[in-house]
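What follows is a single structure, written as structure tokens, with notes after it.
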Amino acid sequence: MPETVLTNRGRVPKAGCHRDERGETMPEPRAFWLDEQFDREHGTDGRGRYEAEVLGRIDEFAVTWGDIAPVEFAATAWRIAGELSPGFVRWHRRIVSATCTRSPWDGSMVCAVAVVSGWPAELTWTKQWQRDRGWRDWPQLFGQFTTPTEQDQTRSPHLRAMLQVEAPLPLDDLPPAPDGPDGSVAVTARRAVAVLARELNDLLAPMIGQLEAGVPADS
Numbered sequence: 001m002p003e004t005v006l007t008n009r010g011r012v013p014k015a016g017c018h019r020d021e022r023g024e025t026m027p028e029p030r031a032f033w034l035d036e037q038f039d040r041e042h043g044t045d046g047r048g049r050y051e052a053e054v055l056g057r058i059d060e061f062a063v064t065w066g067d068i069a070p071v072e073f074a075a076t077a078w079r080i081a082g083e084l085s086p087g088f089v090r091w092h093r094r095i096v097s098a099t100c101t102r103s104p105w106d107g108s109m110v111c112a113v114a115v116v117s118g119w120p121a122e123l124t125w126t127k128q129w130q131r132d133r134g135w136r137d138w139p140q141l142f143g144q145f146t147t148p149t150e151q152d153q154t155r156s157p158h159l160r161a162m163l164q165v166e167a168p169l170p171l172d173d174l175p176p177a178p179d180g181p182d183g184s185v186a187v188t189a190r191r192a193v194a195v196l197a198r199e200l201n202d203l204l205a206p207m208i209g210q211l212e213a214g215v216p217a218d219s
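Take a look at the structure:
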């Protein structure tokens, strides 16, 4: 089954609202979005960068032609979008990876997303467990979460918390798979990627906003 793995990041547009530590309403970060401007500016022969990539790799869609379900086609489109560098799909700095897979159980679309988190409350209400060992959280470089360098690992212990999200994604708006390698493939692939990015954003933007706020929901 095709599986897509995305590991890119980009600047974060704003959408929706969440509350900061003072309880004031703040713009909610967007979890996923398409980098349409970069795609257009770096396209060739009158085509966007993603469209050209799809047409150049059209054989990878061969098993999806005429499929009654849109899942396999959408998964392939998503994978190709993520394999561009930088990716056609971008996401919030807290998202480490995102996969979209056809479920072996019933053929539906499921996702798995790894999200950077702070330490759980059980480890933050007291520092007693740290025993003055200088435990450190996720390192950050220019606002991006990174892994500790080899040098960092020799100097202090690190505890990097991550949330693993696994969820179904609705299929209602996914476009039907094309019947063959015709002129509609690139447009259909772009639409499929846009739908998946929208559904993932709807699913995860509230969570990202809460993590960015850094306070419990009932505070």
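Residue numbering for the sequence shown follows the working numbering, beginning at 1 and increasing consecutively.
Using N, Cα and C, we set each Cβ at its ideal position, and we do this for glycine too.
Predicted, not measured: the structure shown is a model, and the values here were computed from it.
- In this structure the segment 85-98 touches the segment 136-145; the number of beta carbon pairs closer than 8 Å is three or more.
- Beta-bridge partners assigned by DSSP to Val113: Ala98 and Val165.
- For Ala177, same chain residues with a beta-carbon under 6 Å away, outside a window of 5 residues either side, are Thr64, Asp67, Pro70 and Phe73 in chain order.
- Per DSSP, Leu84 is not a residue of any alpha helix (DSSP H), being assigned neither H nor E.
- Cβ-Cβ separation between Val110 and Glu166: approximately 7 Å, consistent with a contact (criterion under 8 Å).
- C-alpha of Ala75 to C-alpha of Gly82: approximately 11 Å in a straight line.
- For Leu34, the uninterrupted beta strand (DSSP E) segment begins and ends at Phe32 to Leu34.
- If you draw a straight line from the Cα of Met207 to the Cα of Val193, it is about 21 Å long.
- Note on Gly87: 16 or more other CB atoms within 10 angstroms of its CB, so buried under the neighbour-count rule.
- Sequence-distant Cβ neighbours of Ala161 in its own chain, meaning closer than 7 Å and more than five residues away, are Ser117, Gly118, Trp119 and Pro120.
- Taking the Cα positions, Gly134 is about 12 Å away from Gln128.
- Ala77 counts as buried, since no fewer than 16 other beta carbons sit within 10 angstroms of its beta carbon.
- Membership of Gln210 in the alpha helix (DSSP H) is indicated by the continuous run Val185 to Ala213.
- At a Cβ-Cβ threshold of 7 Å, Arg90 and Asp35 count as neighbours.
- In this chain, the alpha helix (DSSP H) harbouring Asp152 covers Glu150 to Arg155.
- When secondary structure is reduced to three states using DSSP, Phe38 falls in the helix class.
- Rounded to the nearest whole angstrom, the C-alpha separation of Leu174 and Thr126 is 48 Å.
- Taking 7 Å as the cut-off, the beta carbon of Gln164 is found closer than this to the beta carbon of Ala114.
- Look at Phe61 here: in three-state DSSP terms it is helix.
- Distance from the CA of Glu212 to the CA of Asp182, rounded to the nearest whole angstrom, comes to 44 Å.
- In this structure, Phe32 and Asn201 form a Cβ contact; the two beta carbons are roughly 4 Å apart against a cut-off of 8 Å.
- Look at Arg133 here: in three-state DSSP terms it is coil, with no helix or strand label.
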